[in-house]
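As structure tokens, the structure follows; a few thoughts come after it.
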Amino acid sequence: MINDDLSRREVLSTATAAAGALVVGFWMPQRAQAQITNPEGAAWSNESAADEVNAWVVVAPDDTVTVRIAQTELGQGVWTSNAMIVCEELQCDWSKVRPQYASANRDARERAPKWTLNVMGNGATDPSGGGEPEFGNRERTGVTGIPDSLYRRMRTNAAASVKDGRYYLQLAGAEARERLLLAAAKVWGVAADEVSSANSVITHRPTGRTTSYGKVAALAAQTPHPNPERIRIKPPSEWTLMGTEQKNLDVPLKVSGKVVYGIDVKLPGMKWAAVKSCPVYGGKVKRYDFERIRKEPGVISAIQFPIPEPKLIRGRIFGGGVAVIADSWYQAKTAIEKMPIEWDVPPENAARNTASIHAELMAALEKPGKVGVDLGDCDSAFEGL
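Everything in the sequence shown is counted per numbering that gives the first Met the number 0, starting at 0 for the first residue and increasing by one.
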């Protein structure tokens with residue numbers, strides 16, 4: 000049967016489901032076939048990988064290295080930059096690195112190892128001389144800080160994925176490298192300080208014997224580091240990968256049409272929802288009139304959701320809202336825009352809205368900025384252009 004109505008996106012999505020895909024976007028309870036059969040490195044987390052060296056690094060028998068990324072790739076390059084930070088310490092073959100989204104569910108269930116938290120400088124400085132990543136004025140364990148959950152900073156904002164994540168991403172790569180070295184030493188029956196690695200190859204220096212990361216990854220997954228608090232990360236003067244120009248890892252699949260975005264994923268019986276939250280922090284739904292939209296095309300139901308439980312959102316302030324469910328996203332979006340909603344707004348936050356926040360930001364432009372880094376003579380450089 001020939002279907003002449005298929006769009007380019009549908010053709011790409013269908014072809015991808017058979018040939019492999021990169022799925023970028025959101026979490027769903029059930030993976031689509033395109034996610035399951037992806038040989039190029041699925042974006043979706045795989046929590047049951049037997050060859051997981053640690054929560055950030057998975058090494059396959061063919062030396063392919065999967066690096067889990069806790070930020071969303073929106074075109075700003077975090078899939079590449081964050082992977083580079085991990086791989087700088089891992090000392091793996093960069094050509095075989097594949098990014099993968101970290102699991103938000105796992106992050107909510109597991110805590111970061113304590114030894115990754117107890118470092119000098121309130122979490123910003125490696126006592127062994129690994130540099131000083133900037134956490135700014137964020138406190139690591141507080142409401143506005145770097146949380147102590149497994150993947151630490153699982154959000155994408157403030158241009159801070161590299162700045163706030165560099166320390167623990169380096170540490171993740173370094174710990175994985177040391178466990179791979181320990182595994183190789185165990186296989187050979189030699190001292191761990193006699194082995195070293197580069198480009199995914201482990202060498203026993205006294206004899207010249209070599210093995211690969213892929214061959215010892217399974218053993219490394221079962222070989223905890225005995226003293227992880229002593230692991231040293233590289234200072235900037237020792238970097239060989241970070242700071243170099245590399246092609247963004249997300250680009251090839253995007254420009255070739257192989258990416259399957261959230262909007263492309265379709266499952267049997269799938270429905271869509273459009274959400275409207277209270278426009279004021281801490282507000283909730285007072286009432287809504289579903290009868291006004293009940294007969295709109297495709298509309299199935301409306302569900303009110305409360306303000307999230309503070310312990311689930313680390314004390315941040317959000318609002319409640321309503322979701323309309325329909326046969327398509329456009330139908331849900333059209334209906335919720337027509338549905339009357341009355342909000343219960345807390346008096347203390349009523350004056351804080353889009354207009355007031357915009358005014359605050361514009362006023363801040365009139366104040367002197369804070370110098371973060373002062374290197375070289377920019378004025379002279381610009382004069383020569």
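Glycine included, each C-beta is placed from N, C-alpha and C at the ideal position. Every value quoted in this text rests on a predicted model; they were computed, and no experiment measured them.
Checklist entry - Would you call K283 buried or exposed, if buried means 16 or more other Cβ atoms sit within 10 Å of its Cβ? => result That one is buried.
Item to check | Range covered by the alpha helix (DSSP H) that runs through H357 | outcome: In the DSSP assignment, H357 falls within the unbroken alpha helix (DSSP H) covering 353 to 363.
Next on the checklist: Assuming P98 is part of the beta strand (DSSP E), what are its boundary residues?
Outcome noted: For P98, the enclosing beta strand (DSSP E) stretches over residues 96 to 100.
Checklist entry - How long is the line joining the alpha carbons of M269 and G375, rounded to whole angstroms? => result About 57 Å.
Next on the checklist: Just to confirm my understanding: we take M83, look at its own chain, exclude 5 residues before and 5 after, and list those with CB closer than 6 Å. What are they?
Outcome noted: L240, M241, listed in sequence order.
Checklist entry - Between which two residues does the beta strand (DSSP E) harbouring K332 extend? => result Here K332 belongs to no beta strand (DSSP E); instead the alpha helix (DSSP H) covers 328 to 337.
Checklist entry - When the distance is taken between beta carbons, is T71 closer than 9 Å to Y100? => result Between Y100 and T71, the C-beta gap is smaller than 9 Å, which places the two residues in contact.
Checklist entry - Quick one, are the C-beta atoms of K246 and I340 less than 9 Å apart? => result No.
Checklist entry - Alpha carbon to alpha carbon, what distance is there between K113 and L170? => result Looking at the two C-alpha atoms, the distance is approximately 13 Å.
Checklist entry - Between S195 and the rest of its own chain, which residues show a CB-CB distance below 8 Å, the 5 nearest in sequence each way excluded? => result L180, I201, T202, R204, listed in sequence order.
Checklist entry - According to DSSP, what are the bridge partners of D343? => result Bridge partners of D343: K283.
Next on the checklist: If contacts are defined as beta-carbon pairs under 8 Å, then I335 and V321 qualify, I think. What distance do you get, rounded to the angstrom?
Outcome noted: Confirmed, Cβ separation roughly 7 Å.
Checklist entry - According to DSSP, what are the bridge partners of A273? => result Partner(s): V323.
Checklist entry - By how many angstroms is the C-alpha of I145 removed from the C-alpha of A159? => result CA-CA distance, A159 to I145, rounds to 11 Å.
Checklist entry - Who are the Cβ neighbours of K265 in its own chain at under 6 Å, not counting the five residues just before and after it? => result There are no such residues.
Checklist entry - Could you give the distance in angstroms between the alpha-carbon of Q330 and the alpha-carbon of W238? => result Their Cα atoms are separated by approximately 52 Å.
Item to check | Run of the beta strand (DSSP E) containing R208, from where it starts to where it stops | outcome: Taken as a continuous stretch (DSSP letters only), the beta strand (DSSP E) holding R208 covers 208 to 211.
Checklist entry - Rounded to a whole number of angstroms, what is the C-alpha to C-alpha distance between E295 and K337? => result Taking the straight line from one Cα to the other gives about 10 Å.
Next on the checklist: Below 8 Å on the Cβ atoms is my contact criterion, and I expect I232 with H224 to pass it. Report the Cβ-Cβ distance as a whole number of Å.
Outcome noted: Contact flag wrong, Cβ pair sits at about 14 Å.
Checklist entry - What separation, rounded to the nearest whole angstrom, lies between the Cα atoms of W93 and S327? => result Computed Cα separation, rounded: 41 Å.
Item to check | CA-to-CA distance, V77 to P28, given in whole angstroms | outcome: Because the pLDDT of P28 is 35, which lies under 50, any placement of that residue in the model is unreliable, and the question is left without a value.
Item to check | Neighbourhood of R110 by C-beta distance below 7 Å, restricted to the same chain and skipping five residues each side | outcome: Around R110: D147, S148, L149.
Item to check | Where the alpha helix (DSSP H) through Q169 begins and ends | outcome: Taken as a continuous stretch (DSSP letters only), the alpha helix (DSSP H) holding Q169 covers 160 to 187.
Checklist entry - How close, in whole Å, do the beta carbons of V189 and V215 come, if the pair is a contact with beta carbons under 8 Å? => result Separation of the CB atoms of V189 and V215 is rounded to 13 Å, and the pair is thereby denied contact status at 8 Å.
Item to check | Integer-rounded CB distance, given that A325 should sit under 8 Å from I297 | outcome: Reading the sequence as shown, one finds Gly at residue 297 and not Ile. G297 to A325, Cβ: 4 Å. Contact.
Next on the checklist: Does the distance between the C-beta of Q99 and the nearest non-hydrogen atom of the ligand MN fall short of 8 Å?
Outcome noted: Looking at this structure, you won't find the ligand MN or any other ligand, since it has none at all.
Item to check | Whole-angstrom distance between A69 and R291, CA atom to CA atom | outcome: Approximately 41 Å, taken between the alpha carbons.
Checklist entry - Nearest CA to the CA of A184: which residue from Y167, R208, A197? => result Among Y167, R208, A197, the Cα nearest to that of A184 is on R208.
Next on the checklist: Nearest by alpha-carbon distance to R178: which of G281, V161, S199 is it?
Outcome noted: When only C-alpha atoms are compared, the closest one is S199.
Checklist entry - Under three-state DSSP, which class holds I299? => result Assigned with DSSP and collapsed to three states, I299 falls in strand.
Next on the checklist: Rounded to the nearest angstrom, what separates T243 and K332 at their Cα positions?
Outcome noted: Distance between the alpha carbons of T243 and K332 is about 44 Å.
Item to check | 9 Å Cβ cutoff met for G419 and V57 | outcome: For the chain, the structure presents residues 0 to 384; residue 419 sits outside this window and is missing.
Checklist entry - Would the beta-carbon of N156 fall within 9 Å of that of P278? => result With contacts defined by Cβ atoms closer than 9 Å, N156 and P278 do not form a contacting pair.
Item to check | Neighbourhood of T210 by C-beta, 6 Å cutoff - its chain only, sequence neighbours within 5 removed | outcome: Short of 6 Å from the beta carbon of T210, and not among the five residues preceding or following it, lie these beta carbons of its own chain, in chain order: A183, I201.
Item to check | Proximal residues to R67 (C-beta, below 6 Å), its chain only, five neighbours per side dropped | outcome: So the list reads W55, Q99, A101, once near-sequence residues are dropped.
Checklist entry - Name the DSSP bridge partner or partners of A197? => result Paired residue(s): V200.
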